[in-house]
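Heads up: the structure comes next, in structure tokens.
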Amino acid sequence: MTRSGTSTGSSGRPSPGSTSLLVEADLDEQLDYVRMAFGERQPVHRTGSRDRPLPDEVAPDRQYRRRARAIFGRIEAAADRRGEAPTWYRREFGPAGGVNLAEPGPGLYKGRLGIAVFAAALAATTGESRYAAFAEDTAAPVLADLDSPAPFEGRSVGLGPGVGSIAYGFTTLARLLDDDRYAEAARDTVRLVTDDRIERDDQYDVLGGSAGGLLAALAVAEGDDDAAVSRAVACGEHLLDGRIEVDGARIWPTGMDRRPLLGFAHGVAGIAYALARLSAVTGESRFREAAVEAIEYEHRQYDPDRGNWPDRRATTGGEFSHGWCNGPAGIGFARLGTRGTAPTDAVETDLDRALRAVDPASVSPYDHLCCGNAGRIAFRLRAARTLDGPSERSARRLATARLRDVGADGVFSVPFGTRHWVDPTLFSGTAGLGYVLLRLVDPDVPCLLLFE
């Protein structure tokens, strides 16, 4: 029985009111739960990497597609279908210790819409209707919640657990499934990025704060929605007002100790990228100037001895990250996104730095989109499709290496997943890797890590 009081059966799914027998077949799995509940906590965002030789040849597209299907198959098999819609039980650390079993929230990052987006991408790339049907079933409870009297009450505006994540998830589903229901839902959701929600934001960043709400609103506004643009501008103004002066630059106190963090998900890179995008849409130079000032600050924080930017989160113990959320892959993504709207020498230099730091021969312990190999593959791929120099081959070699490492059973490494327990979510689970494998096959699959 887990410390939080929910028991698990031998399948790894919860069985309320019963206690699982520690039979030999699942002993390793049960011991893993005990270690997680009572052992010393390991960082979720493991930052280390190991160098290894990459294969000279790359896998053919059919192999990427086949592995994406296999990832979906594990997600589908792990679903609890006893209710009207499929659901899952994610393992995560409990706030008071032990292990909690949590169902996915509504949004893109760790929620239903992220799982649905992966299924929708499979539908778009294979033409098979069963994937579209699964996406629709998975997203159905979120559509229903949108019709409630106080939809998504208490959620922030960001792209993590906030209403921005829900709006962007609906927008992406509308594109992949060519379904106006989700486009309308996205428009309705972005109106929940209200002045009151924005004023309560003290995180500012992409995942938790107004930078995320801004990017979600701009994605919805591509359908010429003036109301969505107004929500983006409100977020942008909040970001301008929330700056503090640090080392001669006006930036945002995004860390727990009010220290400015670096990187895309929680730091300067993502906020600057959002403001640069807003400037391009509105033509207002104040947003571009704030973006450039922030980029110049982050540019100066680069450590040439380590060939990377420091990860200032308290949980990292001074290590240097390499993924999308707080590492050079995310900073590189942000600079790719600002080249056309805020072209400066710092942008180009940082992009070169990021490409050197995200070495395809350096393999992360995890494979997920947020902090692992999937985010690194995605960055190398986007750079190759945007710039003249880099080749897609580096992204494909890393993807091929990971496919070979996991072998025939196809069990990839994600923070709270195990061989028997599937984390199906998009950014912290296996769906994100499957999605990136589909982007290797089909360039028309949207790039999620810039929230375009």
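Note that numbering that gives the first Met the number 0 has the sequence shown beginning at 0, numbered continuously upward.
Cβ coordinates follow ideal geometry from the N, Cα and C atoms, glycine included.
Please read all numbers here as calculations on a predicted model, not as lab measurements.
In terms of residues, what are the limits of the beta strand (DSSP E) holding residue i?
{"i": "residue 99", "result": "98-101"}
{"i": "residue 91", "result": "89-92"}
Excluding the 5 residues preceding and the 5 following residue i in the sequence, name in chain order all residues of the same chain whose CB lies nearer than 7 Å to its CB.
{"i": "residue 154", "result": "160, 161, 162"}
{"i": "residue 422", "result": "89, 413, 415, 416, 428, 429"}
{"i": "residue 281", "result": "232"}
{"i": "residue 241", "result": "203, 251"}
{"i": "residue 209", "result": "156, 197, 200, 203, 234, 237, 238"}
{"i": "residue 301", "result": "308, 352"}
{"i": "residue 402", "result": "58, 62, 66"}
{"i": "residue 449", "result": "332, 336"}
{"i": "residue 224", "result": "186"}
{"i": "residue 145", "result": "184, 187, 188"}
{"i": "residue 191", "result": "150, 151, 162"}
Out of the options, which has the shortest C-alpha to C-alpha gap to residue i?
{"i": "residue 439", "options": "65, 53, 55", "result": "65"}
{"i": "residue 138", "options": "157, 107, 245, 242", "result": "107"}
{"i": "residue 445", "options": "223, 227, 381, 393", "result": "381"}
{"i": "residue 184", "options": "432, 151, 201, 213", "result": "151"}
{"i": "residue 212", "options": "225, 166, 240", "result": "166"}
{"i": "residue 379", "options": "240, 396, 299, 219", "result": "396"}
{"i": "residue 476", "options": "236, 238, 214", "result": "The requested residue 476 does not occur in the structure, where the chain is confined to residues 0 to 451."}
{"i": "residue 202", "options": "267, 404, 431, 405", "result": "267"}
{"i": "residue 176", "options": "123, 144, 190", "result": "123"}
{"i": "residue 259", "options": "311, 130, 349, 448", "result": "311"}
{"i": "residue 324", "options": "141, 442, 375, 355", "result": "375"}
{"i": "residue 289", "options": "301, 62, 68, 244", "result": "244"}
{"i": "residue 114", "options": "98, 75, 363, 81", "result": "75"}
{"i": "residue 496", "options": "61, 419, 369", "result": "Missing from the structure shown is residue 496; the chain here goes from 0 to 451 and no further."}
{"i": "residue 103", "options": "121, 125, 119, 78", "result": "78"}
{"i": "residue 272", "options": "297, 334, 298", "result": "334"}
{"i": "residue 82", "options": "128, 253, 136, 132", "result": "136"}
{"i": "residue 384", "options": "328, 349, 371, 442", "result": "442"}
{"i": "residue 336", "options": "394, 364, 270", "result": "270"}
{"i": "residue 389", "options": "93, 321, 358", "result": "358"}
{"i": "residue 409", "options": "55, 72, 134, 146", "result": "72"}
{"i": "residue 424", "options": "80, 60, 118", "result": "118"}
{"i": "residue 101", "options": "95, 112, 87", "result": "87"}
{"i": "residue 426", "options": "377, 406, 398, 387", "result": "377"}
{"i": "residue 303", "options": "283, 355, 322", "result": "355"}
{"i": "residue 350", "options": "130, 392, 129, 386", "result": "386"}
{"i": "residue 80", "options": "364, 133, 404", "result": "133"}
DSSP beta-bridge partners for residue i?
{"i": "residue 307", "result": "302"}
{"i": "residue 110", "result": "104"}
{"i": "residue 248", "result": "245"}
{"i": "residue 86", "result": "79"}
Could you check where the alpha helix (DSSP H) with residue i kicks off and where it finishes?
{"i": "residue 230", "result": "225-240"}
{"i": "residue 435", "result": "430-440"}
{"i": "residue 136", "result": "128-145"}
{"i": "residue 332", "result": "327-337"}
{"i": "residue 155", "result": "That residue, residue 155, is in no alpha helix (DSSP H); it is neither H nor E in DSSP."}
{"i": "residue 281", "result": "267-281"}
Who are the near neighbours of residue i in its chain, counting only those whose CB is closer than 6 Å to its CB and skipping five residues on each side?
{"i": "residue 451", "result": "none"}
{"i": "residue 305", "result": "319"}
{"i": "residue 170", "result": "185, 218, 219"}
{"i": "residue 432", "result": "366, 373, 411"}
{"i": "residue 181", "result": "169, 172, 173"}
{"i": "residue 341", "result": "275, 287, 290, 291"}
{"i": "residue 295", "result": "345"}
{"i": "residue 454", "result": "Residue 454 falls outside the range modelled here, since the chain spans only 0 to 451, and no answer is possible."}
{"i": "residue 110", "result": "103, 104"}
Counting only the same chain and skipping the five closest in sequence on each side, list residues whose C-beta sits under 8 Å from that of residue i.
{"i": "residue 286", "result": "235, 239, 274, 275, 277, 278"}
{"i": "residue 194", "result": "233"}
{"i": "residue 199", "result": "155"}
{"i": "residue 348", "result": "298"}
{"i": "residue 246", "result": "296, 299"}
Would the C-beta of residue i count as close to the ligand NAD, meaning under 8 Å from any of its heavy atoms?
{"i": "residue 376", "result": "Here there are no bound small molecules, and the ligand NAD is not part of this structure."}
Could I get the ranges of all uninterrupted alpha helix (DSSP H) runs contained in the segment 171-212, with 4 residues as the minimum, in chain order? 179-189, 194-199
Identify every run of the alpha helix (DSSP H) within the segment 357-395, keeping only runs that are complete inside it and at least 4 residues long; order them along the chain. 372-385
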